[in-house]
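Residue numbers (the working numbering): 65 to 229.
A virtual CB, placed ideally from N, CA and C, is assigned to each residue, including glycine.
These figures come from a predicted structure and were not determined experimentally.
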């Protein structure tokens, strides 16, 4: 009997994030209320975005613009973790936004527990930063996907690699 599988992953497309950053910067530099605010957005490595502005109010506006552009590009906002706003001398404000890449181990354990408690005839296993679900028939896999979509685990989940071996 063939084994059917799919993977539960949490990934953010860095190319779409980069495109959204460029669009947000263009809007920030042309908006009248943000013209002299010295606001900036920069990508730090592959897992963080840094927002800079002259004060917390303008920083909030920059954050809202960035979120609009990310949502328009299809980047899941659940995958972003906003850090605290740091104020420096002169009132300048800075905020770090971390991008979630991969399913955290505690969330993966919670997902596996929910799948096992559902009494569906499937097996779930943690494979590093993603979860693989396998079963004999496709209907039980689709039931698991429906079950997981109903629950909120606090992370963005994508269901990929749906296949028959």
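Out of the options, which one is the CA nearest neighbour of residue i?
i, options, result
"residue 185", "205, 86, 82", "205"
"residue 166", "224, 90, 99", "224"
"residue 192", "69, 136, 68, 74", "74"
"residue 101", "86, 82, 121, 84", "121"
"residue 201", "226, 217, 222, 144", "226"
"residue 221", "140, 151, 183, 135", "140"
"residue 72", "189, 228, 91", "189"
"residue 82", "119, 131, 125, 95", "131"
"residue 181", "211, 129, 103", "211"
"residue 98", "125, 87, 76", "125"
"residue 133", "85, 187, 67", "85"
"residue 176", "155, 198, 156", "198"
"residue 219", "151, 183, 156, 144", "144"
"residue 90", "76, 129, 217, 151", "129"
"residue 92", "118, 187, 152", "118"
"residue 88", "203, 137, 152", "137"
Where do the ends of the alpha helix (DSSP H) carrying residue i lie?
i, result
"residue 121", "120-136"
"residue 227", "Looking at the DSSP string, residue 227 is not in any alpha helix (DSSP H); the run it does join, the beta strand (DSSP E), is 222-228."
Please report the distance separating the alpha-carbon of residue i from that of residue j.
i, j, result
"residue 65", "residue 170", "The predicted position of residue 65 is uncertain, since its pLDDT is 48 and thus under 50; no value can be drawn from it."
"residue 209", "residue 80", "26 Å"
"residue 164", "residue 195", "15 Å"
"residue 207", "residue 107", "39 Å"
"residue 68", "residue 123", "47 Å"
"residue 214", "residue 174", "14 Å"
"residue 168", "residue 154", "38 Å"
"residue 257", "residue 105", "In the structure as shown, the chain starts at 65 and stops at 229, and residue 257 therefore has no counterpart that could be examined."
"residue 135", "residue 70", "26 Å"
Note the first and the last residue of the continuous beta strand (DSSP E) segment covering residue i.
i, result
"residue 72", "68-73"
If contact is defined by three or more beta carbon pairs under 8 Å, each pair taking one atom from either stretch, is the region 97-113 in contact with the region 156-165? Result yes; three or more Cβ-Cβ pairs closer than 8 Å.
Give, in chain order, every unbroken run of the alpha helix (DSSP H) that is at least 4 residues long and sits entirely within the region 77-124. 78-94
I'd like the ranges of any alpha helix (DSSP H) spanning at least 4 consecutive residues and lying wholly in the region 185-216. You should have 202-214.
Every unbroken beta strand (DSSP E) within the region 130-181, with a cutoff of 3 residues, ordered by chain: 144-151, 157-163
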